[in-house]
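Down below is the structure, laid out as structure tokens.
Numbering (our numbering), first residue to last: 50 to 239.
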């Protein structure tokens with residue numbers, strides 16, 4: 050089983066700001082929520098945790114690893130989509146609202162940002178690489194935007210169901226044929 054998990058809450062999440070490449074830590078509530086989630090992850094028998102290189106994801110992965118006795122490995126290709134000049138902007142700002150509404154469109158490229166195809170391409174390759182040799186359940190701690198794009202355009206999940214809340218995850222069953230199918234969507238223990 051592969052678990053795609055979004056990191057814990059940050060100050061930008063609380064403030065309603067777009068968060069792409071900005072490297073900020075979890076906020077205190079985010080740390081507590083990850084600790085609560087860790088109690089339940091023990092039952093999932095995670096063999097290895099992979100994390101995005103961003104601080105918020107590494108903090109999340111480290112808390113989960115200490116609770117589950119699992120090792121964390123960092124993979125740069127699990128990082129969030131580069132939002133260019135949109136990074137850090139308020140989602141509901143009249144100046145940015147029209148562009149924010151287009152972020153999930155496959156053809157839309159944020160100004161100075163990363164195309165959807167490039168983002169899901171690197172994420173998909175990294176996911177295939179890290180799960181190829183895995184002998185147990187794998188937890189990927191990543192970001193809401195990149196996971197949502199992967200779920201929408203690779204696994205064909207409806208956009209309303211593809212985005213994760215902080216500390217929530219999608220469960221993918223790779224089965225005998227090593228082809229992913231969705232087992233659970235947006236599961237949270239909070």
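In this text, a Cβ means the ideal position worked out from N, Cα and C, and glycines have one as well.
{"Check": "For residue 54, does the three-state DSSP call read helix, strand or coil?", "Outcome": "strand"}
{"Check": "Please report the distance separating the alpha-carbon of residue 70 from that of residue 153.", "Outcome": "17 Å"}
{"Check": "Note down, one range per segment and in chain order, each alpha helix (DSSP H) of at least 4 residues found wholly within the segment 83-149.", "Outcome": "104-117"}
{"Check": "Does the distance from the C-beta atom of residue 176 to that of residue 202 stay below 9 Å?", "Outcome": "no"}
{"Check": "Quick one: grab the DSSP three-state call for residue 169.", "Outcome": "helix"}
{"Check": "Since residue 174 sits in a beta bridge, which residues does DSSP pair it with?", "Outcome": "Its beta-bridge partners do not exist; DSSP assigns none."}
{"Check": "Measure the C-alpha to C-alpha separation of residue 209 and residue 116 and round it to an integer number of angstroms.", "Outcome": "31 Å"}
{"Check": "Once DSSP output is grouped into helix, strand and coil, what is the label at residue 59?", "Outcome": "strand"}
{"Check": "Between which two residues does the alpha helix (DSSP H) carrying residue 237 extend?", "Outcome": "Counting along the chain, residue 237 falls outside any alpha helix (DSSP H), and DSSP gives it neither H nor E."}
{"Check": "Rounding to the nearest angstrom, what Cα-Cα distance links residue 88 and residue 219 in this structure?", "Outcome": "17 Å"}
{"Check": "Measuring alpha carbon to alpha carbon, tell me which residue in 127, 151 and 161 is nearest residue 178.", "Outcome": "127"}
{"Check": "Helix, strand or coil: how does DSSP classify residue 201 here?", "Outcome": "helix"}
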